[in-house]
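What follows is a short report on a single structure.
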Amino acid sequence: MLRLLQGTIRVEGVDREDFTSNEHPVDKIRDVQVYLETGQPEQTIAIAPVKWGGECRVEVHMNVRALGDGSVKVSGTTILFEGASEETGEEEDRATIDFSVPRTTRNVPPRHHHISMRNRTLIGAEDSAEVFFTLSNTIVEE
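Our numbering puts the first residue of the sequence shown at 4, with every later residue one more than the last.
Given below as structure tokens:
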């Protein structure tokens, strides 16, 4: 049965500054829409990175697969980078994505999932990012 997984990924981040105002992402919402069929291999979803403050970036690497019970398995990683530019390779934190999205119905709302990341490599640094997933899983009528 054909399913539609759709929703948004929202990144709220803070690039903490000592002498000027803290900086936050402006372009922070990414739309997700993919058709899935039970029995198909896992699909990788391309998500554009969220960048802000000239120094911070969050990447979301997300895989999805339709399961036989009607749910959709979501897996992958989120990565917070902070350095001299938004293109830095300096990884500050990494979190695992691992949750399921049940079939969305009148009685079962879209699935919400939240991941927190912090700059853990530099003592005193307080750069952070929160990643919010809101996903629905509906049957596509033929």
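The beta-carbon is built from N, C-alpha and C at its ideal position, and this holds for glycine as well.
Identify, in the order they occur along the chain, each residue of the same chain with its Cβ nearer than 7 Å to the Cβ of residue i, setting aside the five sequence neighbours on each side.
i, result
"T99", "T80"
Quick one: what does DSSP say residue i is sitting in, helix, strand or coil?
i, result
"E94", "strand"
"G122", "The question names Gly, yet the displayed sequence has Asn at residue 122. Here N122 sits in coil by DSSP."
"R106", "coil"
"Q46", "strand"
"V17", "strand"
"V37", "strand"
"P144", "Residue 144 is actually Glu in this sequence, not Pro. Note: E144 maps to coil in three-state DSSP."
"E133", "strand"
Residues in its own chain within less than 6 Å of residue i by CB, not counting five upstream and five downstream?
i, result
"E62", "P52 and I82"
"S119", "E133"
"E95", "L83, E85, N122 and T124"
"K76", "R68, L70 and S103"
"H115", "T137"
"V143", "L5 and L7"
Measuring CB to CB, does residue i end up less than 8 Å from residue j?
i, j, result
"N140", "R6", "yes"
Using a Cβ-Cβ cut-off of 8 Å, state whether residue i counts as contacting chain C.
i, result
"G42", "As a matter of chain content, chain C is missing from the structure shown, which is built from one protein chain."
Apart from the five residues on each side of it in sequence, which residues of its chain come closer than 8 Å, Cβ to Cβ, to residue i?
i, result
"D101", "V77 and S78"
"P105", "G73, S74, V111, R114 and N140"
Inset, instruction - Enumerate, from N- to C-terminal direction, the unbroken beta strand (DSSP E) stretches of 3 or more residues contained entirely within the segment 48-102. - result: Here the runs fully enclosed are 53-55, 59-69 and 75-85.
Inset, instruction - Taking 8 Å as the threshold, find out whether the segment 66-76 comes into contact with the segment 85-92 through three or more Cβ pairs. - result: The segment 66-76 and the segment 85-92 do not touch, with fewer than 3 CB-CB distances between them shorter than 8 Å.
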